[in-house]
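Everything in the sequence shown is counted per the UniProt record's numbering, starting at 1 for the first residue and increasing by one.
Glycine included, each C-beta is placed from N, C-alpha and C at the ideal position.
All remarks here apply to the structure that follows.
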Amino acid sequence: MMHSAMISSPVGTLVIEVSKERLLCGLELLPRGRGMVTSGDTENSVVADAVEQLGRYFEDPEWRFELPLAPGGTPFQQRVWQALQSIPSGETISYGTLAARLGTCARAVGNACRGNPIPIIIPCHRVVGVRGPGGFMGSRAGEPLAIKKWLLTHESFHDRRKESDISYTENS
Numbered sequence: 001m002m003h004s005a006m007i008s009s010p011v012g013t014l015v016i017e018v019s020k021e022r023l024l025c026g027l028e029l030l031p032r033g034r035g036m037v038t039s040g041d042t043e044n045s046v047v048a049d050a051v052e053q054l055g056r057y058f059e060d061p062e063w064r065f066e067l068p069l070a071p072g073g074t075p076f077q078q079r080v081w082q083a084l085q086s087i088p089s090g091e092t093i094s095y096g097t098l099a100a101r102l103g104t105c106a107r108a109v110g111n112a113c114r115g116n117p118i119p120i121i122i123p124c125h126r127v128v129g130v131r132g133p134g135g136f137m138g139s140r141a142g143e144p145l146a147i148k149k150w151l152l153t154h155e156s157f158h159d160r161r162k163e164s165d166i167s168y169t170e171n172s
C-alpha cells in the first residue's frame, strides 16, 4: 500500500509518495491550481517527515533532507541521483562536468535527471547547461523551467547572491 499526501508550496502543489516499505519513492509537482491543501496520509511518519522537511527547505534552502529514499530506476540512474545529492544548495554543476565525473556523456546525465522521480529532494535542478539552465522535469520551457529557475534563485538568494549571479558555467 502506498502512502501519499498533497501539500501546497511556493512552486505549486507537491504530491509525496511513500512505499509500503516506508521509503520515499516519489515527489510529483502538479500544475499550479490543482490543489492547495495539505491532505493525505500524514499519519505515516515518512510522509509527515517529508512534509516537514519540504517546509523547512522552502524556509531555508540550506536545509539538508534526511529522508529514507527509494527512487525506482536503473543502476546508472541511481548513480546519477546519488551524485546529485552531493551538490550543495546554492551551487550548480553542468551536465558535462557531472558526466565527466561519472565517466559518461552529458546526454546520459540529462536523461537520468529527466527520469528523477523525487525532484527537489534529489536536486536535479542544480544541474545546468553551459549556456543556460537546461531542462527540468522533462521540459526545456514553460512552467517546469520557471520552477527550476525559481528553485535556483531561492537557493542563491538565501546564499546572499543576486539572481544574476547564478552561474550556468561548469563548476570544478
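Taking DSSP as the reference, what is the three-state secondary structure of Thr97? On the sequence shown, position 97 is the one that residue 97 refers to. Three-state DSSP puts Thr97 in a helix.
Alpha carbon to alpha carbon, how far is residue 173 from Ser9?
-> Nothing in the structure corresponds to residue 173, since the chain is present only between 1 and 172.
Exercise for the section: Could I get the ranges of all uninterrupted beta strand (DSSP E) runs contained in the stretch 18 to 91, with 3 residues as the minimum, in chain order? Expected result: 24 to 29
Practice item. State the DSSP-derived secondary structure class of Gly12, mapped to helix, strand or coil. Key: For the purposes of this step, residue 12 is identified with residue 12 of the sequence shown, where counting begins at 1. Reduced to three states, the DSSP call for Gly12 is strand.
- Task: List the endpoints of the continuous alpha helix (DSSP H) containing Cys113.
- Result: Locating residue 113 in the sequence shown gives position 113, counting from the first residue. Cys113 -> alpha helix (DSSP H) spans 106 to 114.
Note to self: Could you pull the DSSP bridge partners for His3 from this structure?
What the structure shows: Along the sequence shown, one-based indexing puts residue 3 at 3. Partner(s): Val18.
Q. In angstroms, rounded to a whole number, what distance separates the CA positions of Thr74 and Arg64?
A. Translated into positions along the sequence shown, residue 74 becomes position 74. Translated into positions along the sequence shown, residue 64 becomes position 64. Their Cα atoms are separated by approximately 25 Å.
Would you grab the beta carbon distance between Met2 and Ser19 for me? Rounded to a whole angstrom, and I think it's under 8 Å. Within the sequence shown, the letter at position 2 stands for residue 2. Within the sequence shown, the letter at position 19 stands for residue 19. That belief holds up - the Cβ atoms of Met2 and Ser19 are roughly 6 Å apart, short of 8 Å.
> Glu129 bridges to which residues according to DSSP?
Replying inline: Position 129 of the sequence shown holds residue 129. Note that residue 129 is Gly in the sequence shown, not Glu. According to DSSP, Gly129 bridges with Gly132.
Handout entry: Member of Gly129, Pro88, Ile120, Gly90 whose CA lies at the smallest distance from the CA of Leu69
Key = Against the sequence shown, residue 69 aligns to sequence position 69. Closest option to Leu69, Cα to Cα, is Ile120.
- Item | Neighbour-count burial assignment, Arg126, 16 or more Cβ in a 10 Å radius | Against the sequence shown, residue 126 aligns to sequence position 126. Arg126 comes out buried.
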